[in-house]
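Chains as they are written, first to last, in the numbering used here: chain A, 1150 to 1299; chain B, 1150 to 1299; chain C, 1150 to 1299; chain D, 1150 to 1299.
For glycine and all other residues, C-beta sits at the position ideal for the given N, C-alpha and C.
Fair warning: this is a prediction, and the values are worked out from it, not measured in the lab.
Let me begin by presenting the structure, written as structure tokens, before commenting on it.
There are 4 protein chains.
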Amino acid sequence: MTAVPDLAAAERRVRESFARQAFMATVGAQVTAVRAGEVEIDLPFAPGNTQQHGFVHGGLVASIADSACGYAALTLMPADAAVLSVEFKINFLSPAKGERLRAIGRVVRAGRKLFVCAGDVLARQGGVEKPVALVTATMIVAETTSGLRD
Amino acid sequence: MTAVPDLAAAERRVRESFARQAFMATVGAQVTAVRAGEVEIDLPFAPGNTQQHGFVHGGLVASIADSACGYAALTLMPADAAVLSVEFKINFLSPAKGERLRAIGRVVRAGRKLFVCAGDVLARQGGVEKPVALVTATMIVAETTSGLRD
Amino acid sequence: MTAVPDLAAAERRVRESFARQAFMATVGAQVTAVRAGEVEIDLPFAPGNTQQHGFVHGGLVASIADSACGYAALTLMPADAAVLSVEFKINFLSPAKGERLRAIGRVVRAGRKLFVCAGDVLARQGGVEKPVALVTATMIVAETTSGLRD
Amino acid sequence: MTAVPDLAAAERRVRESFARQAFMATVGAQVTAVRAGEVEIDLPFAPGNTQQHGFVHGGLVASIADSACGYAALTLMPADAAVLSVEFKINFLSPAKGERLRAIGRVVRAGRKLFVCAGDVLARQGGVEKPVALVTATMIVAETTSGLRD
């Protein structure tokens, strides 16, 4: 029997783990929504986040999508699990410019060991959002022998 | 007729463009080698670069590979071109821990418009290097109408 | 000025080009729907289409998704264009078994030169459909100098 | 203690499993080499294998690379295991034309559960080989509860 997921506990867990991702603090990213199987991360445009043309660096666009997908998976993982990225792919749709970026990660398939996730990154400028990138990712429940916890 | 590539000019171009990638400075990354169709980027382990388990964040591992692949392509692009990432995929091979990471980006196929690149990221610890990630990427010569230059 | 797309012409074009994909006939695939920016392809389960465990071969699942994505892009391309695949990635969600597979390819971003597409493959069994795979793909308008036409 | 792999047994196992991939017979593909962690598959050019411009269909190029990667992983898996594809990505380097295609799949990282593989597909024409595609893939050791065997 599968327990009804405790969303409040899942949100606490995601926020506590995210708070330990020092890299997300370095770039100013924040978790803005946690739902069962779905997490959103917000990144303000900042001069220190750019590539050579002044857009947000593609790797950083990928980073917030990777975190959003990983934490979306974590909301559905057992309490003693930790989440690790196996792989992801990103297709860029338009340059990442604007006031802020929003990454939404969603679980597409939840397995016992592997989770397949999909993510979107949008750029907000003057109240309008525009798609910036499309991501697919595989997340894994870390081996309990790894000693990792989330 | 294709001119013999001027490697000194290509290296200058890569280093000048990289110097404008503020995000690379934010994380402490540096270009350590520029060859025709191949670029290396070095990232020191720093507390601000980590994910929740203390490894370098997977998105940042991808970021230095993306930059290395993009600049590898730029070494073979016409003088009035700018490089943009179309897509990339990363497979993680082992947790990114150690003293520093080294990303090597290489051009696998140079077209007029599109470049296919492959990248490796290695982690160095105590004089030993270990594979951390495998990347494939597509880079595009930006439209001249974009006004972008590298 | 962009002409309003002529959907009847787009459908004819897709069906004529698809009819020249001998490989699709080899495996028994058919185009079942053509909309602006979206194409569906149907594949019956056939003993000659399987991998070693009796499921439809993953490469064939990818093949119908690749064709669906490519033809979705073609519906939005200029009349003198031809479509070629630049890259695609597929994540498998469950074994491809059942009576038939349905691949849906959709254009996510239509550029002048590049199209980003997303695809889903579903397996139908006893009136129920189940997700089998998730695809993202890049399609390119072939150089007019290539002599290719669709 | 890891036993020295029995290459003759691994080759027999790969060839027997491959013989059950009816789809590979449909397209005329054959295993031409089995080494520890590396497998080659050969595909003759055949009219029934083409896309609309007369090249080998991109999905079929991907199919032989997927099989080569999967069987490369199988050479290193325990005797009671079965191999399944988790995901793969393919970048196309040039149109697949010529007399035959050769796919080489290699294990890049062998884990207990997951294998990361890389593949190349080459086209042979008049004694010359040309790169056609670049693949990265994740393979999984199927759950023993799945009842699958290779």
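CB contact check: residue i to chain D, cutoff 8 Å
| i | result |
| --- | --- |
| B:Val-1290 | no |
| B:Val-1281 | no |
| B:Ala-1267 | yes |
| C:Thr-1155 | The amino acid occupying residue 1155 of chain C in the given sequence is Asp; Thr does not appear at that position. It does not; no Cβ of chain D falls within 8 Å. |
| C:Gln-1274 | no |
| C:Ala-1211 | yes |
Proximity test, Cβ basis, 8 Å: residue i and chain A
| i | result |
| --- | --- |
| D:Val-1257 | no |
| B:Gly-1207 | yes |
| C:Thr-1285 | yes |
Chain B within 8 Å of residue i, Cβ atoms only
| i | result |
| --- | --- |
| C:Leu-1263 | yes |
| A:Leu-1271 | no |
| A:Ala-1158 | no |
| A:Arg-1169 | yes |
Limits of the alpha helix (DSSP H) - the one that residue i falls within
| i | result |
| --- | --- |
| A:Asp-1215 | 1207 to 1223 |
| C:Thr-1175 | 1171 to 1176 |
| B:Phe-1237 | Counting along the chain, B:Phe-1237 falls outside any alpha helix (DSSP H), though it belongs to the beta strand (DSSP E) covering 1232 to 1241. |
| A:Arg-1162 | 1156 to 1168 |
Inter-residue Cα distance where the pair is residue i and residue j
| i | j | result |
| --- | --- | --- |
| C:Gln-1179 | A:Ala-1282 | 31 Å |
| B:Ala-1259 | C:Ala-1185 | 33 Å |
| C:Ala-1267 | D:Pro-1193 | 30 Å |
| D:Met-1173 | B:Leu-1242 | 30 Å |
| C:Pro-1159 | C:Thr-1224 | For the record, residue 1159 of chain C in the displayed sequence is Ala; it is not Pro. Distance between the alpha carbons of C:Ala-1159 and C:Thr-1224: 5 Å. |
| C:Ser-1234 | D:Val-1210 | 12 Å |
| A:Thr-1175 | B:Asn-1198 | 7 Å |
| D:Glu-1292 | C:Lys-1246 | 18 Å |
| C:Gly-1219 | C:Asp-1299 | 11 Å |
| B:Ile-1190 | C:Gly-1207 | 36 Å |
| C:Gly-1275 | C:Arg-1249 | 10 Å |
| D:Ala-1230 | C:Val-1265 | 37 Å |
| C:Pro-1280 | C:Arg-1273 | 9 Å |
| A:Met-1226 | B:Ala-1228 | 50 Å |
| C:Thr-1285 | A:Leu-1156 | 31 Å |
| A:His-1202 | C:Gln-1201 | 50 Å |
| C:Pro-1196 | D:Arg-1169 | 11 Å |
| A:Arg-1162 | A:Leu-1297 | 14 Å |
| C:Ala-1252 | D:Asp-1269 | 26 Å |
| D:Glu-1304 | D:Glu-1278 | The question about residue 1304 of chain D has no answer, for chain D in this structure spans 1150 to 1299. |
| A:Ile-1289 | D:Phe-1237 | 16 Å |
| D:Ala-1182 | C:Ala-1171 | 28 Å |
| C:Ser-1295 | D:Pro-1244 | 11 Å |
| C:Leu-1263 | C:Val-1188 | 17 Å |
| B:Phe-1204 | D:Val-1205 | 43 Å |
Any chain C beta carbon closer than 8 Å to residue i
| i | result |
| --- | --- |
| B:Thr-1293 | no |
| D:Ala-1252 | no |
| D:Arg-1161 | no |
Residue i CB to nearest heavy atom of the ligand FMN below 7 Å
| i | result |
| --- | --- |
| C:Ala-1178 | Of the ligands one can find in the structure shown there are none, so the ligand FMN has no counterpart to examine. |
N- and C-terminal bounds of the beta strand (DSSP E) containing residue i
| i | result |
| --- | --- |
| C:Ala-1267 | 1263 to 1274 |
| B:Leu-1297 | Unbroken run through B:Leu-1297: none, as it is neither H nor E. |
| C:Glu-1248 | First-last for C:Glu-1248: undefined, no H or E at that position. |
| B:Ala-1286 | 1277 to 1290 |
| A:Thr-1181 | 1179 to 1184 |
| C:Pro-1227 | From DSSP, C:Pro-1227 is part of no beta strand (DSSP E); its letter is neither H nor E. |
| B:Pro-1300 | Past the edges of chain B, shown from 1150 to 1299, lies residue 1300 of chain B, and the structure says nothing about it. |
Min CB distance residue i to chain E below 8 Å
| i | result |
| --- | --- |
| C:Ala-1245 | No chain E appears in this structure, whose protein chains are A, B, C and D. |
Against chain B: residues of the segment 1219 to 1243 of chain D by CB proximity under 7 Å: Lys-1238, Asn-1240, Leu-1242
Residues, ordered as in the chain, of the segment 1173 to 1197 of chain B that lie near chain A by beta-carbon distance below 7 Å: Thr-1175, Pro-1196, Gly-1197
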